[in-house]
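Residues in the sequence shown are numbered consecutively from 1213, following my numbering. What follows is a single structure, written as structure tokens, with notes after it.
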Amino acid sequence: MSPPGSSRARLSGTRPSGTHDEAAASRQVREMFSRIAPRYDLLNHLLSLRFDVVWRKRLARRFAHIVARPDARVLDVCCGTGDLALALANAPITSAGSAPASLVGTDFAHPMLVRAREKAGEKAGRLLDFLEADALSLPFPGATFDLLATAFGFRNLANYAAGLREFRRVLAPGGSLAILEFAEPRGAFFRHLFNFYFKRVLPAVGAVVSGHAQAYSYLPESVARFPDPSELAELMKRTGFCEVAFESWSAGIVTLHSGRARS
């Protein structure tokens, strides 16, 4: 969240340094995440102190009632190396003998999907599948999915409204949307710590371990210019979602946004 009086420029979509339009932004994001794929998981777990694992599992538990339905179809957009898709696939099944939902993970960075398939092992192709696809133009018919979830990927879309409209298109009426994203903590103390870590520590460590300084300077920049939770909630309402809500986790470092596709 922005502190009072912040002059932060809010964007309609991500714009990595040096890009000025949607096509260039998408291209740079794809190239950036493709380059860091080999050490992406290591750095995620290291830099978040493994809280990223906790957050994804918490999201999966929140929507386990959908995943437990054998007739349900679930989509993880911007799935990266598959951590959220795997958390959803491993969500506890509440009904004895029931089969899990059909799960699909999509990402437009091919090296990320290679890692996702490796991690999924025998689950790949049986309990879940991974497809190379752009979140702004998903290769599915309308009203296909009962749950669409994304963790720390929505922020990287070149057009947030277009992304939400595409999510609404592929969700069945009444289907659930879950967006897990970073946010700036509201409280001054935690905001100070957050900004110091995100702007000083994280880029330095990320650059050394990954060898790609740009990717880990992009992260704090993209978080700082991402819409506030309340702004994203309003955008969700304008793009076809109802029962829109958001809640902050871990002192406001991350926010879970949720809503249902309007009938």
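Virtual Cβ for every residue (Gly too), placed ideally from N, Cα, C. These numbers were taken from a predicted model, which means no experiment stands behind them.
Check, Outcome
"Distance, leucine 1255 Cα to valine 1421 Cα", "8 Å"
"Option nearest proline 1385 by Cα separation, candidates Leu1360, Arg1403 and Gly1375", "Leu1360"
"Closest by C-alpha distance to alanine 1363, when choosing among Arg1474, Pro1323 and Phe1394", "Phe1394"
"DSSP bridge partner residues for histidine 1469 (one or two, in chain order)", "Ile1391 and Phe1458"
"C-alpha distance - glutamate 1433 paired with valine 1456, whole-angstrom precision", "26 Å"
"Local conformation of aspartate 1253 per DSSP, three classes", "helix"
"CB-CB length for leucine 1468 against leucine 1287, believed under 8 Å", "Their Cβ separation, rounded to whole angstroms, is 17 Å, which puts leucine 1468 and leucine 1287 out of contact at 8 Å."
"Arginine 1262 to valine 1435 span [Cα, whole Å]", "19 Å"
"Between the CA atoms of histidine 1257 and alanine 1332 - distance to the nearest angstrom", "18 Å"
"Chain-order list of residues whose beta-carbon lies under 8 Å from that of glycine 1309 (same chain, five-residue window excluded)", "For glycine 1309, the predicted structure reports a pLDDT of 49, less than 50, and the residue's modelled location is therefore unreliable. A value from the coordinates is still provided. For glycine 1309, where only same-chain residues beyond five positions count, there are no Cβ hits under 8 Å."
"Span separating the alpha-carbon of leucine 1414 from that of serine 1475", "42 Å"
"Cβ of leucine 1255 within 8 Å of any chain B Cβ", "Among the chains in the structure shown there is no chain B, since it carries only a single protein chain."
"Short Cβ contact (8 Å threshold) for leucine 1447 with alanine 1400", "no"
"For aspartate 1341: DSSP bridge partner residues", "Val1316"
"Outcome for glutamate 1334 when other beta-carbon atoms lying within 10 angstroms are tallied against a minimum of 16", "exposed"
"8 Å Cβ shell around arginine 1273 - same chain, five flanking residues per side excluded", "Ala1303 and Pro1304"
"CA-to-CA distance, proline 1397 to serine 1462, given in whole angstroms", "9 Å"
"Collapsed DSSP secondary structure at methionine 1415 in the structure displayed", "Going by the sequence as given, residue 1415 is proline instead of methionine. Reduced to three states, the DSSP call for proline 1415 is helix."
"Helix, strand or coil at leucine 1359 [DSSP, three-state]", "strand"
"Residue burial classification, aspartate 1283 (beta-carbon count within 10 angstroms, cutoff 16)", "exposed"
"Under the three-state DSSP convention, the category arginine 1262 falls into", "coil"
"Beta strand (DSSP E) segment containing arginine 1367, residue limits", "Note, arginine 1367: premise wrong, no beta strand (DSSP E); not H, not E."
"Start-to-end residues for the beta strand (DSSP E) that takes in leucine 1447", "No beta strand (DSSP E) contains leucine 1447, which is instead part of the alpha helix (DSSP H) from 1441 to 1450."
"Glycine 1375 beta carbon less than 8 Å from that of leucine 1383", "no"
"Through-space distance from histidine 1232 to lysine 1269, alpha-carbon basis", "36 Å"
"Integer-rounded CB distance, given that leucine 1315 should sit under 8 Å from leucine 1348", "With 8 Å as the limit, leucine 1348 and leucine 1315 do not qualify as a contact, their Cβ atoms being about 21 Å apart."
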